[in-house]
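A.B. asks:
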Amino acid sequence: MARAYEAIWDLPLPQGQRSIGELRATSAVPDSKAITLHVGSDRAYDFKQPFSSVRDYLRAFIHFNLNALEKQEEIDPYKQRYLSRIKSFIETGMHNIPEIVETIPIVFQHCDLAPHNVILKAIDPTSPSACEIAAIIDWEFVGSFPFMSASRSIEMLFRKAAFWDAIPKWKKWYEHEATKVFLKWYRFALFLKPAAPDEEEEKELWEVLWAENVKVVEGMLGKYGA
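Under the working numbering, think of the first position of the sequence shown as 165, with each following residue one higher.
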């Protein structure tokens, strides 16, 4: 799977752009299979236009997730403790996003890249594990996004060391300071809103259920004094 991500990240973006948004395809010539890609608005998050700045993208992504937090039901203990602090921080602290995030690569991103969308081909009949990528399918939603905007999927599906050791060029970027800073702010947005408890008794255990949310949010609020 690491090689599949590498193949996607290595794809050239339209005209070498650093615009951030959903990639749209139009026919290069009428009745032809050739297409032209351009960066447009992101329909998944209802962003009205592409972004030319990683910091502007992060600010919009954080505001989107704040809105989702405000609408989420069945998480009253979490909201009582954090919502006003989070809102205050977002209102006053977005200028704190370091400029270094602007150096992170903007890459081609397949937005459902998982094993079920990667077709493999055997290259040695005597070794079932010897294979190569034959095709990557399901290109319904693709985009031009900051490197590691797929961090949640990578962290959930793959062993970190094995994944990055397989693609050393991108491992260097994963370990780069710009990526580390980007991920702090990106993860803050991702973990703003905890999931609602499945059962009534779980509400009493919210600090356990939402431990990762609390850790990420407290880390950002503590660092920036909110």
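Ideal Cβ positions, reconstructed from N, Cα and C, are used throughout, including at glycine.
Are the stretch 323-339 and the stretch 287-301 in contact at 8 angstroms, needing three or more beta carbon pairs?
C.D. replies: Short answer: they don't touch.
A.B. asks: With distances taken between CB atoms, is the gap from residue 238 to residue 375 smaller than 7 angstroms?
C.D. replies: no
A.B. asks: Helix, strand or coil: how does DSSP classify residue 188 here?
C.D. replies: strand
A.B. asks: Between the beta-carbon of residue 467 and the beta-carbon of residue 233, is there less than 7 angstroms?
C.D. replies: Any answer about residue 467 is impossible in this case: the structure gives the chain only from 165 up to 390.
A.B. asks: Let me check understanding here. Comparing Cα to Cα, which of 172, 269 and 246 lies closest to residue 184?
C.D. replies: 269
A.B. asks: Cα separation between residue 241 and residue 224?
C.D. replies: One C-alpha to the other measures close to 26 angstroms.
A.B. asks: Under the three-state reduction of DSSP, which class applies to residue 213: helix, strand or coil?
C.D. replies: coil
A.B. asks: In chain order, which alpha helix (DSSP H) runs of at least 4 residues are fully inside the stretch 276-347?
C.D. replies: 315-321, 324-329 and 332-338
A.B. asks: Between residue 173 and residue 309, which are expected to be in contact by the criterion C-beta below 8 angstroms, what is the C-beta distance as a whole number of angstroms?
C.D. replies: Contact between residue 173 and residue 309 does not hold, since their C-beta atoms are separated by about 10 angstroms, which reaches or exceeds 8 angstroms.
A.B. asks: Considering only the alpha carbon of each residue, which of 288, 218 and 235 lies closest to residue 259?
C.D. replies: 218
A.B. asks: Using 10 angstroms around the beta-carbon of residue 289, count the other beta-carbons present and answer buried if the total reaches 16, otherwise exposed.
C.D. replies: exposed
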